[in-house]
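Under the working numbering, read the sequence shown as residues 10 to 187, first letter to last.
Below: the structure, in structure tokens.
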Amino acid sequence: MRISQASKLRKVSELGVLLSKHIMSTGLHLFAANLMVIISICNAGFFLPGASNRLETHVQDDTTPAVPALNTKLTAQGVCSNRDIVISQSRSSTTGIPEFIVQIVNTCMSACAPSNIHLHCGWFASARMVNPRTFKRLSFDDCLVNAGKPLKSSEMLRFTYSNSFMYPLAFKSASFCS
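Structure below.
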């Protein structure tokens, strides 16, 4: 049995019509799903294609630029500032829900340690329990570090959280000695 060229074209055309009807019926669903993915990525802070999960530091407020963790050194100074609170994150290589390791360090050498440290944290949440004495979301975009207690010179707090994306964490405020 031989199929003519016209018959083949008719079959391809019918297939194209069926495919376009399917796309039209599911197009809105696909658009909404893609939009959700884009929003999630933007909320997670990954604005550049090829963003990596390497160690990232977010130490900033409205006037302070981010400082890379590799360039951070302990500084001997009399008064601590927001630049001395170093926040870094890295992705842990696990299966299942991604895990992220957060380290918060006070690099100031002053005897007077900053306390009541707050971070910008969006709607921070974790599938894995985070000790609230170490890190606790108080409200939207306000997380408290070390239960408000002073973070001594060179002291490092470390915790792990689980979520489908890395939350951008950045310095918000703290009480510094004057």
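For glycine and all other residues, C-beta sits at the position ideal for the given N, C-alpha and C.
Requested in this report: Report yes if the CB atom of LYS181 is closer than 8 Å to the CB atom of ALA122, and no otherwise.
Outcome: On the sequence shown, position 172 is the one that residue 181 refers to. On the sequence shown, position 113 is the one that residue 122 refers to. With contacts defined as CB atoms closer than 8 Å, LYS181 and ALA122 fail to qualify as a contacting pair.
Query raised in the report: By DSSP, does PHE180 sit in helix, in strand, or in coil?
Result: If you number the sequence shown from 1, residue 180 lands on position 171. If DSSP states are grouped into helix, strand and coil, PHE180 belongs with the strands.
Report task. Starting from the Cα of LEU147, find the closest Cα among LYS158, VAL111, LEU128, GLU164 and give me that residue. Result -> Counted from its first residue, the sequence shown places residue 147 at position 138. Nearest to LEU147 by C-alpha distance, out of LYS158, VAL111, LEU128, GLU164, is LEU128.
Report task. To the nearest angstrom, report how far apart ASN140 and ASN91 are at their CA atoms. Result -> In the sequence shown, residue 140 corresponds to position 131, counting from 1. In the sequence shown, residue 91 corresponds to position 82, counting from 1. Approximately 24 Å between the Cα atoms of the pair.
Requested in this report: Find out if the Cβ-Cβ distance for the pair PHE133, CYS152 is shorter than 8 Å.
Outcome: Translated into positions along the sequence shown, residue 133 becomes position 124. Translated into positions along the sequence shown, residue 152 becomes position 143. Yes; because the gap between Cβ atoms is below 8 Å, this pair is in contact.
Query - Nearest-angstrom Cα separation, counted from ALA179 out to THR35 - result: By one-based count along the sequence shown, residue 35 stands at place 26. By one-based count along the sequence shown, residue 179 stands at place 170. Confidence at THR35 is low in this model, with a pLDDT of 47, below 50, so its placement is unreliable and no value can be given for it.
Requested in this report: Could you check if SER184 is buried or exposed, using at least 16 other CB atoms within 10 Å of its CB as the buried criterion?
Outcome: Taking the sequence shown and counting its residues from 1, the one referred to as residue 184 is at position 175. Label assigned to SER184: exposed.
**Report entry** C-alpha distance - PHE144 paired with PRO107, whole-angstrom precision
**Finding:** Start at 1 with the first residue of the sequence shown, and residue 144 comes out as number 135. Start at 1 with the first residue of the sequence shown, and residue 107 comes out as number 98. For the pair PHE144 and PRO107, the Cα-to-Cα distance works out to about 18 Å.
Query - Burial state of VAL154, where buried means 16 or more other Cβ atoms lie within 10 Å - result: Within the sequence shown, residue 154 is the residue found at index 145, counting from 1. Per the 10 Å Cβ criterion, buried.
Query raised in the report: Excluding sequence positions up to five away, which residues of its chain have a Cβ less than 8 Å from the Cβ of ASN172?
Result: Position 163 of the sequence shown, counted from the first residue, corresponds to residue 172. The residues are ILE106, PRO107, PHE109, ALA134, SER135, ALA136.
Query raised in the report: Assuming ASN125 contacts SER163 under a Cβ cut-off of 8 Å, what Cβ separation, rounded to an integer in Å, is found between them?
Result: Along the sequence shown, one-based indexing puts residue 125 at 116. Along the sequence shown, one-based indexing puts residue 163 at 154. Contact flag wrong, Cβ pair sits at about 19 Å.
**Report entry** Contact under 8 Å by Cβ, GLN98 with MET175
**Finding:** As a first step, residue 98 must be located in the sequence shown, where it is residue number 89. As a first step, residue 175 must be located in the sequence shown, where it is residue number 166. Yes, Cβ-Cβ distance for GLN98 and MET175 is below 8 Å.
Query - Among PHE149, ASP150, ARG142, PRO177, nearest to GLY157 - alpha-carbon criterion - result: In the sequence shown, residue 157 corresponds to position 148, counting from 1. The option with the nearest alpha carbon to GLY157 is ARG142.
Report task. Rounded to whole angstroms, what's the CA-CA distance from GLY54 to ASP93? Just pull it up for me. Result -> Position 45 of the sequence shown holds residue 54. Position 84 of the sequence shown holds residue 93. The predicted model places GLY54 with a pLDDT of 40, which falls under 50 and marks its position as unreliable; any figure quoted below should be read in that light. One C-alpha to the other measures close to 23 Å.
Requested in this report: Just mark THR104 as buried or exposed, buried being the case when its beta carbon has 16 or more other beta carbons within 10 Å.
Outcome: Counted from its first residue, the sequence shown places residue 104 at position 95. So THR104 ends up on the exposed side.
Query - Neighbourhood of CYS186 by C-beta, 6 Å cutoff - its chain only, sequence neighbours within 5 removed - result: In the sequence shown, the residue the question calls residue 186 occupies position 177. Around CYS186: CYS121.
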